[in-house]
Structure formats: structure tokens, C-alpha cells
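Participant: Numbering (my numbering), first residue to last: 30 to 398. Cβ coordinates follow ideal geometry from the N, Cα and C atoms, glycine included.
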Ligand code: IPM
Ligand code: MG
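1. How about residue 274: is its Cβ closer than 6 Å to a heavy atom in the ligand MG?
2. For residue 187, which residues does DSSP report across the bridge?
3. Can you give me the C-alpha to C-alpha distance between residue 289 and residue 180, rounded to a whole angstrom?
4. Look at the Cβ atom of residue 47, then the Cβ atom of residue 330, and state whether they are nearer than 7 Å.
5. Measuring CB atoms only, is the region 203-210 touching the region 170-180, in the sense that at least three cross pairs come out at less than 8 Å?
6. Skipping 5 residues on each side, what residues in its chain have a beta carbon closer than 7 Å to that of residue 213?
7. Between the C-alpha atoms of residue 166 and residue 248, what's the straight-line distance to the nearest angstrom?
8. Output the residue ranges of the alpha helix (DSSP H) runs that lie fully inside the region 101-134 and measure 4 residues or longer, sorted by chain position.
9. Do residue 80 and residue 38 count as a contact pair if the criterion is CB distance below 7 Å?
10. By the DSSP assignment, the alpha helix (DSSP H) with residue 144 in it spans what residues?
11. What's the gap between the Cα of residue 294 and the Cα of residue 183?
12. Kindly indicate the opening and closing residues of the alpha helix (DSSP H) around residue 61.
13. Taking C-beta to C-beta, are residue 141 and residue 343 nearer than 7 Å?
14. Work out the CA separation of residue 332 and residue 298 for me, nearest whole Å.
15. Compute the Euclidean distance between the alpha carbons of residue 163 and residue 312, then round it to the nearest angstrom.
16. Please go through the same chain and pick out, in chain order, the residues whose beta-carbon is closer than 6 Å to the beta-carbon of residue 196, but skip the five residues on each side of it.
17. Taking the alpha carbon of residue 226 as the point to measure from, which residue in 240, 254, 239, 215 has its own alpha carbon closest?
18. If you reduce the DSSP assignment to three classes, tell me which class residue 349 lands in.
19. List the whole-angstrom C-beta distance separating residue 273 from residue 261, where the pair is believed to meet the contact cut-off of C-beta under 8 Å.
20. Whose C-alpha, out of 257, 241, 193, is nearest the C-alpha of residue 230?
21. Please list the terminal residues of the continuous beta strand (DSSP E) segment that includes residue 282.
22. Between residue 190 and the ligand IPM, is there a pair consisting of the residue's CB and a ligand heavy atom that are separated by less than 6 Å?
23. Report the partner residues of residue 244 according to the DSSP bridge assignment.
24. Go ahead and pull the three-state DSSP assignment for residue 197.
25. May I have the straight-line CA-CA distance separating residue 144 from residue 383, to the nearest angstrom?
26. If residue 55 sits next to residue 339, beta carbons under 8 Å apart, how far is it from one beta carbon to the other, in whole angstroms?
27. Quick check on the burial criterion: 16 or more other C-beta atoms within 10 angstroms. Buried or exposed for residue 316?
28. Could you work out which residue in 69, 51, 42 is closest to residue 34 when comparing CA atoms only?
29. Going by DSSP in three states, residue 81 sits in which element: helix, strand or coil?
30. Using the beta-carbon count (16 or more within 10 Å), is residue 186 buried or exposed?
31. Flag residue 279 as yes when its Cβ comes closer than 6 Å to any non-hydrogen atom of the ligand FAD, and as no otherwise.
Take a look at the structure:
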């Protein structure tokens with residue numbers, strides 16, 4: 030029986046609470062098979078800053094590089110608003126993404142039938158929605174240099190961020206988009222702002238070339254990123270795979286998340302390139318929701334996005350797609366039974382807390398196993 034090594038990084042806020050639920054799911058899979066999981070835990074984000082004055086330590090980075098997959102909770106919170114920029118909690122997550130070269134961020138937005146009324150949009154707009162936002166994750170304005178604030182000496186300061194993309198970065202994310210689309214409805218929409226940005230012009234050019242060269246069987250559409258934001262709330266079902274850069278992907282994936290009713294529902298996978306020798310790829314799985322400091326420690330957080338993120342690990346790292354499907358089905362059944370955490374409850378619906386939701390999903394999994 031194969032054993033996979035997982036590095037668990039619960040982080041801050043609700044991170045540890047939702048991680049506690051996914052740990053029970055991991056234990057269950059380990060006992061049940063088909064594969065075993067060994068886990069190790071480390072600090073990241075504000076809690077790591079409190080202990081070590083950095084957002085992630087070199088020792089943890091080494092563990093992350095050695096792990097078969099990283100399961101990540103959330104980082105940040107008002108407690109660390111004033112810590113130096115380089116060691117702010119988010120720097121830990123960004124270092125993981127960059128140093129492990131996790132360039133492809135898959136963020137599926139799926140509306141579970143039972144939740145179609147939890148969206149702020151009308152039922153017919155979101156019912157049956159199943160799209161993927163594919164966000165480029167290691168380039169663009171997040172990492173471009175220069176990135177500075179300079180004192181101009183006249184009472185003014187100048188802040189600079191740099192949006193930069195090289196051909197190879199666009200080429201490889203485009204290929205992930207087309208490959209994903211081939212396993213789905215064979216449609217890719219690529220969002221940029223070529224009407225204003227040089228990186229947008231290059232993005233458009235490279236995606237078009239990759240499509241022409243290797244993926245003519247997939248339909249490709251180009252859309253301006255602002256228009257795309259509008260289309261996502263107007264009629265999101267027009268999309269299948271939506272590929273875009275780091276910053277637009279950050280924004281558009283929050284919109285997509287909300288279509289599903291709550292940020293607490295959206296899992297994600299951040300993948301590196303496949304190593305030609307080992308055939309393995311570095312990968313980090315995390316819920317799209319943040320650390321939610323307002324509800325942290327109260328047992329109210331929705332563990333679904335975290336558990337579904339582990340499902341994505343089974344699918345994308347360990348070739349256990351049928352077990353990932355079982356997790357998705359377990360989530361769908363608890364929702365169909367009317368179980369709701371606060372974030373997805375309507376009006377006077379009765380709500381349950383984090384551990385009860387985790388236990389209910391585990392119960393469904395056990396029943397299905
Ligand atoms: C996300 C988050 C992060 C990002 C933050 C926490 C740095 O918003 O994963 O979407 O901006 O990428
Ligand atoms: Mg974000």
C-alpha cells in the first residue's frame with residue numbers, strides 16, 4: 030500500500046479549526062485504504078511570526094519541498110496588521126507558491142443543488158454551475174520587480190508594483206487550461222486587459238498561438254477581464270475553464286466563489302510542473318476562504334472548502350479520483366439533508382458548527398465506503 034507524506038499547515042484564524050476536521054478525514058482514508066497517509070504539522074503565517082519572527086521558516090520550507098502534498102489552512106488577521114511587510118503572514122503563503130513553483134491554481138466553482146438558493150444571485154443563474162477559474166500563481170504583479178515605496182523628498186511618496194509576464198509563463202498556464210478543458214466541456218475563456226496593458230497583449234498572443242498549435246479541438250474565447258467580471262455575475266454558465274493572470278485570478282475567483290453561496294465552499298489546488306523523471310508534481314491544497322478572524326475560535330467555520338481541498342489532493346496528486354468523488358458526494362448528501370453552517374444558512378434555517386459538519390461528512394463517507 031502506498032504511503033503519501035502530507036505536510037499540514039493550519040495557519041491562523043479558522044485555519045486550525047477546519048484543519049482539525051480534514052485530519053479526521055485523512056485518518057479515515059489512512060485506515061480504510063487504498064493508500065496510507067503520514068502527516069506532519071508546522072507553523073505558517075502569523076502564528077509562525079509570533080514564534081520565529083518570520084512567516085515561514087527555512088526548516089518548514091524544506092519539509093514542504095519534501096512532502097508529497099501540502100494541505101494549507103489560512104493565514105493572517107488584524108493581530109499582525111503592523112508587522113513588517115516582508116514577514117507579514119501572507120508572505121509565508123507567497124513564498125510557498127513561488128519557491129515550489131506552484132504556477133497553476135485550479136479553483137473550481139460548483140453549485141451544489143441544495144445550495145442554489147444560498148447564492149446572492151437568482152437560482153436559474155447559478156443552478157448546476159460547474160466552472161473552473163485557472164489562475165496563474167507565480168508571476169504578474171504579485172512578484173514583479175521593482176516593488177517599492179520611494180520617498181520623493183517633496184512630501185510625496187511613490188508606490189510601484191510591476192506587472193510582468195514572460196512567454197513561457199503564459200504558455201505553460203495556457204496548456205494547463207486546454208488540457209483541463211479537454212476533460213470537461215472543451216471550452217476555454219482567457220481573460221486579460223490587452224486594451225490597456227502590454228502584458229495583456231502578450232498574454233492574448235501566446236494563448237492564441239498555443240491554441241492554434243496544439244489545441245484546435247478546444248473552443249477558445251478571449252474576454253477583457255473587467256467584462257469577464259460582469260459576465261460572471263450576469264451568466265456564469267457560459268464559461269467552462271476560465272484562465273487568467275495572478276491578480277485578475279485573485280479577484281475573479283472571489284466572484285466565482287460567491288456565486289456558489291459562500292466563500293466557505295471553494296477548494297483549490299496549486300500545482301507545479303510534472304517532473305519528467307519522477308512523474309510527480311509539487312502541490313498545495315487550500316480553501317479559497319481566508320482566516321476569517323471575525324469568527325475564529327468560535328467553532329462556526331464551514332469546513333467544506335478545506336475537506337474538498339483534500340479531495341482535490343486525492344484527485345490531482347494521488348490518482349484517487351474515485352475517492353475524491355466520494356468526498357464530493359458526501360458533501361452533497363449532508364447539504365441535501367439540510368445541514369448548514371452559518372455561512373450557508375438561509376433565513377431561519379437551523380445551523381451547526383464546524384465539528385458537527387465535519388462529523389456529518391465523515392459519517393457519509395463511512396457509509397459510502
Ligand atoms: C488568495 C488570497 C491570497 C492572494 C492572499 C492571502 C495573499 O487572497 O489565495 O486568493 O492574494 O493570493
Ligand atoms: Mg484572494
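Facilitator: Let me spell this out:
1. Counting from 1 along the chain shown, the entry for residue 274 is found at position 245. Residue 274 Cβ: outside cutoff for every heavy atom of the ligand MG.
2. Walking along the chain shown from the start, residue 187 turns up at place 158. Beta-bridge annotation (DSSP): residue 187 is paired with 179.
3. Sequence index remark: in the chain shown, residue 289 carries index 260 (1-based). Sequence index remark: in the chain shown, residue 180 carries index 151 (1-based). Rounded to the nearest angstrom, the two C-alpha atoms are 44 Å apart.
4. In the chain shown, residue 47 corresponds to position 18, counting from 1. In the chain shown, residue 330 corresponds to position 301, counting from 1. The answer is yes: Cβ separation under 7 Å.
5. Output reads no: the region 170-180 does not touch the region 203-210.
6. Taking the first residue of the chain shown as 1, we reach residue 213 at position 184. Closer than 7 Å at Cβ, skipping near neighbours: 269, 270.
7. Counting from 1 along the chain shown, the entry for residue 166 is found at position 137. Counting from 1 along the chain shown, the entry for residue 248 is found at position 219. Taking the straight line from one Cα to the other gives about 24 Å.
8. Every unbroken stretch of the alpha helix (DSSP H) spanning 4 or more residues and falling wholly within the region 101-134 is given here in chain order: 118-128.
9. On the chain shown, position 9 is the one that residue 38 refers to. On the chain shown, position 51 is the one that residue 80 refers to. Contact flag unset, no.
10. Numbered from its first residue, the chain shown carries residue 144 at position 115. Counting along the chain, residue 144 sits inside no alpha helix (DSSP H), nor does DSSP assign it H or E at all.
11. The count along the chain shown starts at 1 and reaches residue 294 at position 265. The count along the chain shown starts at 1 and reaches residue 183 at position 154. Straight-line Cα distance between these residues: approximately 48 Å.
12. Your numbering for residue 61 matches position 32 in the chain shown. DSSP places residue 61 inside the alpha helix (DSSP H), whose first and last residues are 44-61.
13. The residue given as residue 141 occupies position 112 in the chain shown. The residue given as residue 343 occupies position 314 in the chain shown. No, Cβ-Cβ distance for residue 141 and residue 343 is not below 7 Å.
14. Position 269 of the chain shown, counting from 1, holds the residue named residue 298. Position 303 of the chain shown, counting from 1, holds the residue named residue 332. Cα-Cα distance, rounded: 16 Å.
15. Here residue 163 corresponds to residue number 134 of the chain shown, with the count starting at 1. Here residue 312 corresponds to residue number 283 of the chain shown, with the count starting at 1. Residue 163 and residue 312: Cα-Cα distance of roughly 15 Å.
16. Taking the chain shown and counting its residues from 1, the one referred to as residue 196 is at position 167. Counting only residues of its own chain and dropping the five nearest sequence neighbours on each side, residue 196 has a CB closer than 6 Å to the CB of 235.
17. On the chain shown, position 197 is the one that residue 226 refers to. The residue with the shortest Cα to Cα distance from residue 226 is 254.
18. Here the question's residue 349 lines up with position 320 in the chain shown. Residue state, collapsed to three classes: coil.
19. Walking along the chain shown from the start, residue 273 turns up at place 244. Walking along the chain shown from the start, residue 261 turns up at place 232. Going by Cβ atoms, the distance from residue 273 to residue 261 rounds to 11 Å, so no, they are not a contact pair.
20. Taking the chain shown and counting its residues from 1, the one referred to as residue 230 is at position 201. The shortest C-alpha to C-alpha distance from residue 230 to any of 257, 241, 193 is the one to 193.
21. To locate residue 282, count along the chain shown from 1; it is residue 253. Premise fails: residue 282 lies in the alpha helix (DSSP H), 275-288, not in any beta strand (DSSP E).
22. If you number the chain shown from 1, residue 190 lands on position 161. No - the ligand IPM has no heavy atom lying nearer than 6 Å to the Cβ of residue 190.
23. The count along the chain shown starts at 1 and reaches residue 244 at position 215. The partner list for residue 244 (beta bridge, DSSP) is empty, contrary to what the question assumes.
24. Here residue 197 is taken as the residue at index 168 of the chain shown, counted from 1. Of the three classes helix, strand and coil, the one that applies to residue 197 here is helix, per DSSP.
25. Along the chain shown, one-based indexing puts residue 144 at 115. Along the chain shown, one-based indexing puts residue 383 at 354. Counting only the Cα atoms, residue 383 lies some 18 Å from residue 144.
26. In the chain shown, the residue the question calls residue 55 occupies position 26. In the chain shown, the residue the question calls residue 339 occupies position 310. The distance from the Cβ of residue 55 to that of residue 339 is about 7 Å, consistent with a contact at the 8 Å cut-off.
27. Numbered from its first residue, the chain shown carries residue 316 at position 287. By the neighbour-count criterion, in which a residue is buried when 16 or more other Cβ atoms sit within 10 angstroms of its Cβ, residue 316 is buried.
28. To locate residue 34, count along the chain shown from 1; it is residue 5. Out of 69, 51, 42, 69 has the C-alpha closest to the C-alpha of residue 34.
29. Counting from 1 along the chain shown, the entry for residue 81 is found at position 52. Residue state, collapsed to three classes: helix.
30. The residue you call residue 186 lines up with position 157 of the chain shown. By the 10 Å Cβ count, residue 186 comes out exposed.
31. Inclusion of the ligand FAD in the displayed structure is not the case, the ligand content consisting of the ligand IPM and the ligand MG alone.
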